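A.B. asks: There's a structure below that I have some questions on.
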Amino acid sequence: MKEIVDIGIWSLALGFLLMIIPIAGFIYFKVKIVKETVIALIRMVVQLSLVAFYLEYIFAWNNAWVNVIWVCIMIFVGAFTTIKRAGLTYRFFILPFAISGFISILILDAFFLGFVIHLDYIFDARYFIPISGMVLGNALNHNIVGISNYFSRLTKEQDLYYFLLVNGNSRKNSLAPFIRSAIKSGLNPLIATMSVIGLISLPGMMTGQILGGSSPMVAIKYQILIMLAIFVGCSINLMLSILLANRFAFDSFGRIKTNLFKK
Amino acid sequence: MIKCEKINLSFPRQLICKDLSFEVFDGESICFSGPSGKGKSSLLKVLMGFITPQSGTIQIDGLELSSDTIAAIRNKMIWLPQNSNLPVDSANELSDLLQMNVEQVERFQQFQDQLGVRECGDDKSFAKISGGQKQRIVLAACLSLDKPIILLDEPVSALDDYSIDLLFATLNSLPNKTIVSTSHNKKWIDYCNRTIEL
Numbered sequence: 049m050k051e052i053v054d055i056g057i058w059s060l061a062l063g064f065l066l067m068i069i070p071i072a073g074f075i076y077f078k079v080k081i082v083k084e085t086v087i088a089l090i091r092m093v094v095q096l097s098l099v100a101f102y103l104e105y106i107f108a109w110n111n112a113w114v115n116v117i118w119v120c121i122m123i124f125v126g127a128f129t130t131i132k133r134a135g136l137t138y139r140f141f142i143l144p145f146a147i148s149g150f151i152s153i154l155i156l157d158a159f160f161l162g163f164v165i166h167l168d169y170i171f172d173a174r175y176f177i178p179i180s181g182m183v184l185g186n187a188l189n190h191n192i193v194g195i196s197n198y199f200s201r202l203t204k205e206q207d208l209y210y211f212l213l214v215n216g217n218s219r220k221n222s223l224a225p226f227i228r229s230a231i232k233s234g235l236n237p238l239i240a241t242m243s244v245i246g247l248i249s250l251p252g253m254m255t256g257q258i259l260g261g262s263s264p265m266v267a268i269k270y271q272i273l274i275m276l277a278i279f280v281g282c283s284i285n286l287m288l289s290i291l292l293a294n295r296f297a298f299d300s301f302g303r304i305k306t307n308l309f310k311k
Numbered sequence: 023m024i025k026c027e028k029i030n031l032s033f034p035r036q037l038i039c040k041d042l043s044f045e046v047f048d049g050e051s052i053c054f055s056g057p058s059g060k061g062k063s064s065l066l067k068v069l070m071g072f073i074t075p076q077s078g079t080i081q082i083d084g085l086e087l088s089s090d091t092i093a094a095i096r097n098k099m100i101w102l103p104q105n106s107n108l109p110v111d112s113a114n115e116l117s118d119l120l121q122m123n124v125e126q127v128e129r130f131q132q133f134q135d136q137l138g139v140r141e142c143g144d145d146k147s148f149a150k151i152s153g154g155q156k157q158r159i160v161l162a163a164c165l166s167l168d169k170p171i172i173l174l175d176e177p178v179s180a181l182d183d184y185s186i187d188l189l190f191a192t193l194n195s196l197p198n199k200t201i202v203s204t205s206h207n208k209k210w211i212d213y214c215n216r217t218i219e220l
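First to last, the protein sequences are chains A and B. Using the working numbering, you'd call the opening residue of the first sequence number 49 and step up by one each time. Using the working numbering, you'd call the opening residue of the second sequence number 23 and step up by one each time.
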């Protein structure tokens with residue numbers, strides 16, 4: 049196995065030079081996202097540096113409790129981010145979204161790490177943390193799209209919901225078209241990604257493994273498993289998030305609560 | 023029977039009704055009338071439990087409107103929203119959304135015949151038909167559900183005289199339905215047994 053070429057700090061800094069091109073473009077077209085881009089870049093560097101620092105220790109300890117706490121923190125951060133990006137209020141949604149994240153990770157890690165990869169130690173930090181992270185990271189993006197679609201449609205097309213609530217048979221049936229649309233909008237991008245993977249995109253994990261010295265065959269097998277895990281994880285997370293959020297989003301008359309969105 | 027007692031309903035800077043009491047007997051039709059923006063539609067929403075008045079009681083077929091009874095009460099009703107401005111694109115989609123059974127789909131087609139909109143077709147996009155035609159198709163879908171209480175919000179606002187006559191004939195063919203509606207159309211007001219002016 050070849051030794052991986054490390055990237056020097058100055059080489060890394062050189063990579064940032066390329067950012068001049070998009071930022072120049074933003075300035076030329078007067079797109080007001082320069083500040084957000086710079087902040088996002090700084091956050092990325094700080095967060096990843098901290099993660100690298102933490103992971104060094106976490107991998108060295110490889111303690112089940114520490115690893116589980118780390119994943120739980122990721123679940124909560126994911127739930128907070130979904131709520132923030134979808135413009136919803138924390139008090140109604142933090143619990144349902146965190147529970148959905150927790151259940152989806154529980155199912156996936158138990159199934160893929162325990163039954164498929166047959167790890168002796170399921171909480172092994174080298175598998176448990178990156179795989180949970182990959183699933184949660186992807187679930188976050190698709191959850192934001194699906195959840196935003198669900199609540200914005202329910203609010204904009206309130207008349208349809210109320211029409212179905214009176215004329216239809218039940219609240220479950222009245223919500224069905226909105227749930228279908230949210231699941232479709234949330235998962236469609238993932239289906240599109242899956243269908244072109246390897247053709248027009250080489251996924252990050254696979255590229256990382258190959259760069260790290262793994263054979264492409266091993267990398268591809270991991271990639272297939274991780275794509276399956278991501279798809280299943282995103283689906284479970286989104287469907288559960290909607291179902292659990294429904295318990296908090298309506299009052300006892302089935303009316304959509306007026307304070308779901310942050311003002 | 024619908025029985026409302028001392029309903030007080032107001033929105034910020036708008037009084038809709040004060041101590042409003044009325045009864046609607048089985049088979050009777052009443053109309054809330056008055057200028058636009060007076061809260062006629064809001065009163066229908068009160069009956070469906072979508073708006074809670076500040077005070078007052080509502081009884082429908084002996085059930086007092088509350089969170090415990092709301093499902094049973096809504097089960098007795100159909101509601102035609104104002105202008106039928108629903109994000110639905112065809113008669114077929116409407117019957118799918120309402121999860122109609124075979125019998126209801128047959129009745130839906132019969133009512134479309136009676137209301138003169140059968141030629142609009144099951145698959146034809148609502149974007150290609152007029153607002154009045156869409157409203158009649160939505161009404162046909164509601165009527166096919168065969169519930170005893172019919173709530174109609176501005177049912178004739180987009181209809182010409184001929185279509186209004188078809189609507190009267192259709193409603194007259196339904197025995198023992200209780201109709202609560204909103205309108206400021208003279209012809210419709212004359213058709214109803216009673217009018218409550220807001």
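Built from N, CA and C at the ideal position, the CB exists for glycine as well. Nothing here was measured: the structure is a model prediction, and the numbers come from that model.
Are there 16 or more other CB atoms within 10 angstroms of the CB of H166 (chain A), so buried, or fewer, so exposed?
C.D. replies: Here residue 166 (chain A) refers to the residue found at position 118 of the first sequence. H166 (chain A) should be labelled exposed.
A.B. asks: Of the residues A:I117, A:I121, A:A146, A:W109, which one's Cα is nearest the Cα of I284 (chain A)?
C.D. replies: As a first step, residue 284 (chain A) must be located in the first sequence, where it is residue number 236. The residue with the shortest Cα to Cα distance from I284 (chain A) is A:A146.
A.B. asks: Would you say H190 (chain A) and P237 (chain A) are within 9 Å of each other, going by their C-beta atoms?
C.D. replies: For the purposes of this step, residue 190 (chain A) is identified with residue 142 of the first sequence, where counting begins at 1. For the purposes of this step, residue 237 (chain A) is identified with residue 189 of the first sequence, where counting begins at 1. In this structure, P237 (chain A) lies closer than 9 Å to H190 (chain A) by Cβ.
A.B. asks: Let me see if you follow: with CB-CB separation under 9 Å, is R295 (chain A) close to chain B or not?
C.D. replies: Translated into positions along the first sequence, residue 295 (chain A) becomes position 247. R295 (chain A) does not count as touching chain B.
A.B. asks: Are L184 (chain A) and G234 (chain A) touching if we call contact CB-CB under 9 Å?
C.D. replies: Translated into positions along the first sequence, residue 184 (chain A) becomes position 136. Translated into positions along the first sequence, residue 234 (chain A) becomes position 186. Not in contact: L184 (chain A) and G234 (chain A) (Cβ atoms no closer than 9 Å).
A.B. asks: Which one or two residues does DSSP pair with N18 (chain B) in a beta bridge?
C.D. replies: For chain B, the structure presents residues 23 to 220; residue 18 (chain B) sits outside this window and is missing.
A.B. asks: Residues in its own chain within less than 8 Å of L103 (chain A) by CB, not counting five upstream and five downstream?
C.D. replies: Here the question's residue 103 (chain A) lines up with position 55 in the first sequence. Result list for L103 (chain A): A173, I177, in chain order.
A.B. asks: Hey, is G61 (chain B)'s beta-carbon within less than 9 Å of any beta-carbon in chain A?
C.D. replies: The residue labelled residue 61 (chain B) in the question sits at position 39 within the second sequence. Chain A, which has no Cβ nearer than 9 Å to the Cβ of G61 (chain B), makes this no.
A.B. asks: Quick one: what does DSSP say K209 (chain B) is sitting in, helix, strand or coil?
C.D. replies: The residue you call residue 209 (chain B) lines up with position 187 of the second sequence. Residue state, collapsed to three classes: helix.
A.B. asks: Would you mind sorting T200 (chain B) into buried or exposed? The rule is 16 or more other CB atoms within 10 Å of its CB.
C.D. replies: Taking the first residue of the second sequence as 1, we reach residue 200 (chain B) at position 178. Buried, since its Cβ has 16 or more Cβ neighbours within 10 Å.
A.B. asks: For a contact meaning CB atoms closer than 9 Å, what does I92 (chain B) contact in chain A?
C.D. replies: Against the second sequence, residue 92 (chain B) aligns to sequence position 70. Result: S300, F301, G302.
A.B. asks: According to DSSP, simplified to helix, strand and coil, what is L167 (chain A)?
C.D. replies: Here residue 167 (chain A) corresponds to residue number 119 of the first sequence, with the count starting at 1. Correct three-state label for L167 (chain A): coil.
A.B. asks: Alpha carbon to alpha carbon, how far is E205 (chain A) from Y105 (chain A)?
C.D. replies: As a working mapping, residue 205 (chain A) is identified with position 157 in the first sequence. As a working mapping, residue 105 (chain A) is identified with position 57 in the first sequence. Using only the alpha carbons, I get a separation of about 50 Å.
A.B. asks: Please list the residues of the region 63–85 of chain B that have a C-beta atom closer than 7 Å to any C-beta atom in chain A, keeping them in chain order.
C.D. replies: Of all residues in the region 63–85 of chain B, M70, G71, F72 have a Cβ within less than 7 Å of some Cβ in chain A.
A.B. asks: Applying the 10 Å Cβ sphere with the 16-neighbour rule, what's the burial state of R35 (chain B)?
C.D. replies: As a first step, residue 35 (chain B) must be located in the second sequence, where it is residue number 13. With fewer than 16 other Cβ atoms within 10 Å, it is exposed.
A.B. asks: Rank A:K83, A:N115, A:V116, A:G216 by C-alpha distance to the C-alpha of N123 (chain B) and give the top, closest one.
C.D. replies: The residue you call residue 123 (chain B) lines up with position 101 of the second sequence. Per the Cα distances, A:G216.
A.B. asks: From K25 (chain B) to L87 (chain B), what distance separates their C-alpha atoms?
C.D. replies: Position 3 of the second sequence, counted from the start, is the residue given in the question as residue 25 (chain B). Position 65 of the second sequence, counted from the start, is the residue given in the question as residue 87 (chain B). Computed Cα separation, rounded: 10 Å.
A.B. asks: Use the C-beta contact count for Q121 (chain B): other C-beta atoms within 10 angstroms, 16 or more gives buried, fewer gives exposed.
C.D. replies: Position 99 of the second sequence, counted from the start, is the residue given in the question as residue 121 (chain B). The residue is exposed, with fewer than 16 neighbouring Cβ atoms inside 10 Å.
A.B. asks: What did DSSP end up calling K78 (chain A) once you bin it into helix, strand or coil?
C.D. replies: Here the question's residue 78 (chain A) lines up with position 30 in the first sequence. K78 (chain A) falls in the coil class under three-state DSSP.
A.B. asks: For F107 (chain A), which residues does DSSP report across the bridge?
C.D. replies: Here residue 107 (chain A) corresponds to residue number 59 of the first sequence, with the count starting at 1. Beta-bridge pairing links F107 (chain A) to no other residue.
A.B. asks: Could you name the residues of the same chain whose beta carbon sits closer than 8 Å to that of L213 (chain A), not counting the 5 residues immediately before and after it, in chain order?
C.D. replies: Residue numbering aside, residue 213 (chain A) sits at position 165 when the first sequence is read from its first letter. Taken in chain order, the residues that qualify are R219, S222, G302.
A.B. asks: Any idea what DSSP makes of R35 (chain B), helix, strand or coil?
C.D. replies: Counted from its first residue, the second sequence places residue 35 (chain B) at position 13. Reduced to three states, the DSSP call for R35 (chain B) is coil.
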